[in-house]
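For the sequence shown, the numbering used here begins at 262 and goes up steadily by one. Notes follow the structure.
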Amino acid sequence: MYNNWEELENAIKGCKKCKLGTNRTNIVFGTGNKQADVMFIGEGPGADEDIQGQPFVGKAGQLMDKAFQALSINRNNVYIANIVKCRPPQNRVPEEDEAQTCLNYLRNQVILVKPKIIVLLGSTALKNILGDEYGITASRGKWIEKKEILYMPTWHPAALLRDETKKIDFWQDLKQMRERANKINLKY
Ligand code: SF4
Ligand code: URA
């Protein structure tokens, strides 16, 4: 565990601790406010993220940005990261060993950011952070509190691209996040 960002960022440079390190272009570490009240966690970089080294900059990310804009959520006020930092081949779901290895970095990021709310984007984020007993269909839109962090699971933005009806849920879940954040004076 590293006590500051510089050490953590240095530690991840050139990481090859799991097999996803072999084919990546860039490590997608995370972006946004390093002291954010609200953090968003996705699955892993896609093709665009791999090229740019930034999370959620491709199609799914652009859709997320639209929702952010409509709900006055500012990307610069929140922190955005993924379960794995390197792109899985063909955007497949990260395998158990890859997620477990890379989670050490994410856990360290959470400790440094100290968010009050974490929005879990999709099944991979939900299961790796809260446990395999959780399913996204049953859990989305419901607050889960653990160790003084409030978790709001919702659909992954890429799921909205495949199924338009999920957009309504996604909006509602982010609205719930906003309402709770407003009540306890959090920035987003
Ligand atoms: Fe390292 Fe994570 Fe990339 Fe695997 S996915 S090589 S653990 S940074
Ligand atoms: N999907 C994710 O889970 N994360 C990204 O950064 C981009 C797409």
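Quick reminder that beta carbons are idealized off the backbone N, C-alpha and C, glycines included. In this text, all values refer to a predicted model and were calculated from it rather than measured experimentally.
Any non-hydrogen atom of the ligand URA closer than 8 Å to residue i Cβ
i: residue 343; result: yes
i: residue 414; result: no
i: residue 328; result: no
i: residue 371; result: no
i: residue 289; result: yes
Sheet register partners of residue i (DSSP bridge)
i: residue 343; result: 303
i: residue 415; result: 382
i: residue 405; result: 412
Coil, strand or helix - residue i by DSSP
i: residue 292; result: strand
i: residue 349; result: coil
i: residue 366; result: helix
i: residue 329; result: helix
i: residue 359; result: helix
i: residue 270; result: helix
i: residue 320; result: helix
i: residue 337; result: coil
i: residue 430; result: helix
Burial state of residue i (16 or more Cβ within 10 Å)
i: residue 348; result: buried
i: residue 419; result: buried
i: residue 333; result: exposed
i: residue 283; result: exposed
i: residue 358; result: exposed
i: residue 393; result: exposed
i: residue 350; result: exposed
i: residue 372; result: exposed
i: residue 396; result: exposed
i: residue 341; result: buried
i: residue 434; result: buried
Residue i beta carbon near the ligand SF4 (any heavy atom closer than 8 Å)
i: residue 366; result: yes
i: residue 377; result: no
i: residue 385; result: no
i: residue 282; result: yes
i: residue 285; result: yes
i: residue 357; result: no
The ligand SAM heavy atom lying under 8 Å from the CB of residue i
i: residue 312; result: Judged by which ligands are present, the ligand SAM is missing from the structure shown, whose ligands are the ligand SF4 and the ligand URA.
Assumed close pair residue i, residue j - CB separation to whole angstroms, cut-off 8 Å
i: residue 343; j: residue 303; result: 5 Å
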